[in-house]
Each structure stands twice: as structure tokens, then as C-alpha cells.
Amino acid sequence: MKVYTKTGDKGTTALFGGTRVPKDHIRIDSYGTVDELNSYIGLIRDQEMDHHYKTILIEIQDRLFTVGAILATPQEKEVLKNGKLRLENLGIIESDIELLENEIDKMEESLPQMTHFVLPGGHPTVSHCHIARCICRRAERLAVHLSHNEHVPEIAIMYLNRLSDYLFVLARKLSSDLKAEEVKWIPRK
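Mapping to the numbering used here: the sequence shown position 93 is 218, numbers consecutive.
Following this line, the structure appears as C-alpha cells:
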């Protein structure tokens, strides 16, 4: 199978189920941003850090492939002609969100309570986490925008929301682990 198909040469692409849409369609932008996020999480995973974080990041990347598949499937194509679900063995479930929440809680146990906003930065790995958090928020906004006109399972949006929280706390935890300076934002008086 060749990588290039030439089917998108006129600015359209196929969703799961074969429906062709323009490449700038909100659905494409939604799952494309999830793909961008997944790639950025791969970059974070390539940094020096505790193996546990890397294991969780691999799990998150796997879940993001699922979120992308969900966003790439229009509602009318969710069920195959034989009656089976197109994404039968895929899906985001409550335990995926609980994993993120549990990881957030564990990391926060060793962190000082936040009293100020923090400026992104302090170490390249921490900065990568903040960039991924911002990409995650954009993916969430796009999925919400898509949901105004087309079906998007609420749990996919919930997962992106919780993931951005996880990435923020991971940035703080790595800042602590790496003994990076955490600069507090102080508003002008």
C-alpha cells in the first residue's frame, strides 16, 4: 500500500465510513488537533523523566488515537451495515478519565498548594508540557465547536478537559522533580 493516494489532491478527505469533506472542515480540524497533541505528547515522553510518567503518557497517546477515531466518525457512520458499531472495540470510558484524575491527585500530594498563576517555562520538558496543555485546550475547544452542529460523545470532550488538567499538573510536578524555577505571575498593581 502506498502512502500517497492522490484522493486528497483537490482539498477533500475521507472520514471513517467514507464520507468526503473539505480538509478545512471542523471535524478534520478537531481530530487533526488531537493528532498534533498526540505527537507533542510523544515529544514529552522522549524527555528524561520517571518511567511511570512515560507509561502514563503512552496510555494517553493510545486514548488520543481513540479520541481521534471518535472525532473522525460522523454519527450516521457509527453503525455498520451489519449492525455492529464501527468503533466497537474503541471508546473512551470512565476509567480513562479516572486514571487521569488519580494521577493528578498523586502528583498534587507532593506539590505545594497553588497560590499564584505560574508562567510556563523553567525547563524544556516543563515547557513542552505547557505547549501540549495549550494544544489540548485547542482540541477541546474544536471538539466543543463541532458538537454544536454534529454529534460528539460528551465523554470525549470530558477526556480532553481532564487531560489538559493532567498536563498542567505534570508540568508542575516535573518542575519540582527537575528542580526548575517556577516563576509566579504577579499582576501589575
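Note that CB positions come from ideal geometry on N, CA and C, so glycine has one too. Model, not experiment: these values are computed from the prediction.
Given a threshold of 16 other Cβ atoms within 10 Å of its Cβ, counted over all protein chains shown, does D221 qualify as buried or as exposed?
buried
Reference Q186; option with closest CA among R145, Y165 and I195
Y165
Flag this pair as touching only if the stretch 242-256 and the stretch 303-313 have three or more C-beta atom pairs under 8 Å; answer yes or no.
yes
Opening and closing residue of the beta strand (DSSP E) in which T240 lies:
Taken as a continuous stretch (DSSP letters only), T240 belongs to no beta strand (DSSP E), as it is neither H nor E.
Taking S301 and L236 to be in contact with their CB atoms under 8 Å, please state how far apart those CB atoms are, rounded to whole angstroms.
6 Å
Kindly indicate the opening and closing residues of the beta strand (DSSP E) around T137.
T137 to A139
Taking the alpha-carbon of I256 as reference, which of I169, G133 and T138 has the nearest alpha-carbon?
I169
What does K309 pair with, by DSSP beta-bridge criteria?
V243
Alpha carbon of K206 to alpha carbon of S252, nearest angstrom
46 Å
Thinking C-alpha only, which one of R313, P278 and R297 is nearest T198?
P278
Rounded Cβ spacing between L267 and I151 (contact assumed at less than 8 Å):
7 Å
In the DSSP assignment, find the unbroken alpha helix (DSSP H) run with T180 in it and report its ends.
H176 to L196
Strictly under 8 Å for the Cβ-Cβ distance: is A268 near chain C by that measure?
This model lacks chain C altogether, as it is built from one protein chain only.
Can you tell me the Cβ-Cβ gap for V159 and V192, rounded? I've got them flagged as a contact below 8 Å.
5 Å
Beta bridge counterpart(s) of V294 as assigned by DSSP:
None; V294 has no bridge partner.
Closer than 7 Å by C-beta to H270: which residues in its own chain qualify, once you throw out the five before and the five after it? Chain order, please.
I151
Comparing alpha-carbon positions, which option in D175, T240, I311 and C259 lies nearest K298?
D175
Below 8 Å between beta carbons: does that hold for R258 and L292?
yes
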